[in-house]
Amino acid sequence: MAHVCPWWFVYTFDNPIRRLVHDPAAIFGPYVSAGMTALDVGCGGGFTTLGLARLVGESGRVIAVDVQEKMLAMVRRRARRAGLSGRIATHQCTFTSLGLEDEADFADVFWMAHEVQDRERFFAELHALLRPGGRLLVTEPVRHVPREKFDEEVSQARDAGFRRTAEPRVRFSHAALLARG
Ligand SMILES: C[S@@+](CC[C@H](N)C(=O)[O-])C[C@H]1O[C@@H](n2cnc3c(N)ncnc32)[C@H](O)[C@@H]1O
C-alpha cells in the first residue's frame, strides 16, 4: 500500500494552533465565494474542509475526498459539531481514481500531493472535474517536500492542462495557484 499520513498523525498539525498560521478565510477567501462547489482532496481531518464550507455558504457545497474512511468520519464529526453538515459531502476515493463526476469551481490540494502515486492521472482527473476557469490551489509542507519536488508537481499539473497564475504565501508551505486552461 502507498504511504499515507496515518489518521492519528493528523492531530500533530491539525489542532487549534493551526488556525493562527493557516487561516482558511485568508488562504481561500480570494478564490472561493458563496454558492461555489469546492473539492477538498486529501482532506484529512477536515481543517480546510470546514474553512471552505464557511466560504461557500449555505448555497454552496464542499466535497471532502480522502482514501481513508477514518479521515472522512472525522470530517463528518467535526462538520456536525460546527453545524456545517448540510454543505459538506464526504467521498472515499481509491489510490487510482478520485471517482467523482461532480463539476467544481475550486479544488484544494493541501499538504497531500506528495502522497499521490500517479500524479499525472491525479491532475488530469482534477482538470476534468473543474469548470472552465476553475482554480486549483496546491500547497505542500516545506518540511517534507523540497522545492525541486514541488516544482516537479507543478509541472505535472501544467502537463495536465493547468497554468500557474500565482504563488500565494502560505506559511510553512510552497504554494501554487493554478487555473484550468
Ligand atoms: C498530510 S494529510 C493532509 C490533510 C489535510 N489536507 C490537511 O491539510 O489537514 C494527507 C491526506 O491525503 C490523503 N491521501 C493520500 N493519498 C491520497 C489520494 N491518492 N487520494 C486522496 N487522498 C489521499 C491521506 O489519506 C491524508 O488524509
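Heads up: the sequence shown is residues 1 to 181, going by the numbering used here.
All C-beta atoms, glycine included, are put in the ideal place defined by N, C-alpha and C.
A quick note: this is a predicted structure, and the numbers were derived from the prediction, not measured.
Roughly how many whole angstroms lie between the Cα atoms of G57 and G29? Numbered from 1 along the sequence shown, position 57 holds the residue referred to as residue 57. Numbered from 1 along the sequence shown, position 29 holds the residue referred to as residue 29. G57 and G29: Cα-Cα distance of roughly 12 Å.
For R171, which of A26, F106, V65 has the nearest alpha-carbon? In the sequence shown, counting from the first residue as 1, residue 171 sits at position 171. Check the Cα spacing between R171 and each of A26, F106, V65: the tightest is with A26.
Based on DSSP bridge pairs, tell me the residues matched to D66. What you label residue 66 is simply residue 66 of the sequence shown in a count that begins at 1. Under DSSP, D66 takes part in a beta bridge, and its partners are Q92.
Candidates V154, R180, R169: closest to G161 by CA position: As a working mapping, residue 161 is identified with position 161 in the sequence shown. Put simply, of V154, R180, R169 the residue whose alpha carbon is nearest the alpha carbon of G161 is R180.
Could you give the distance in angstroms between the alpha-carbon of L178 and the alpha-carbon of W8? Indexing the sequence shown from 1 puts residue 178 at position 178. Indexing the sequence shown from 1 puts residue 8 at position 8. Computed Cα separation, rounded: 31 Å.
How long is the line joining the alpha carbons of A176 and H22, rounded to whole angstroms? Here residue 176 refers to the residue found at position 176 of the sequence shown. Here residue 22 refers to the residue found at position 22 of the sequence shown. The straight-line gap from Cα to Cα measures roughly 15 Å.
Excluding the 5 residues flanking C43 on each side, which residues of the same chain have their C-beta closer than 7 Å to its C-beta? Position 43 of the sequence shown, counted from the start, is the residue given in the question as residue 43. Closer than 7 Å at the Cβ level, and outside the excluded window around C43, lie T49, A64, V65, D66, M71, V75.
So is F97 buried or exposed if we call it buried at 16+ other beta carbons inside 10 Å? Within the sequence shown, numbered from 1, the residue matching residue 97 stands at position 97. First, the amino acid is wrong: residue 97 is Ser here, not Phe. Exposed is the label assigned to S97, since fewer than 16 other Cβ atoms lie within 10 Å of its Cβ.
State the DSSP-derived secondary structure class of D118, mapped to helix, strand or coil. For this step, residue 118 is matched to residue 118 along the sequence shown. Coil at D118, not helix or strand.
Start-to-end residues for the beta strand (DSSP E) that takes in V138: Numbered from its first residue, the sequence shown carries residue 138 at position 138. Element bounds for V138: 130-141.
Classify A34: buried if its beta carbon has 16 or more other beta carbons within 10 angstroms, exposed otherwise. As a first step, residue 34 is located in the sequence shown; it is residue number 34 there, counting from the start. When all chains shown are included, A34 counts as exposed.
Using the beta-carbon count (16 or more within 10 Å), is H3 buried or exposed? In the sequence shown, residue 3 corresponds to position 3, counting from 1. With fewer than 16 other Cβ atoms within 10 Å, it is exposed.
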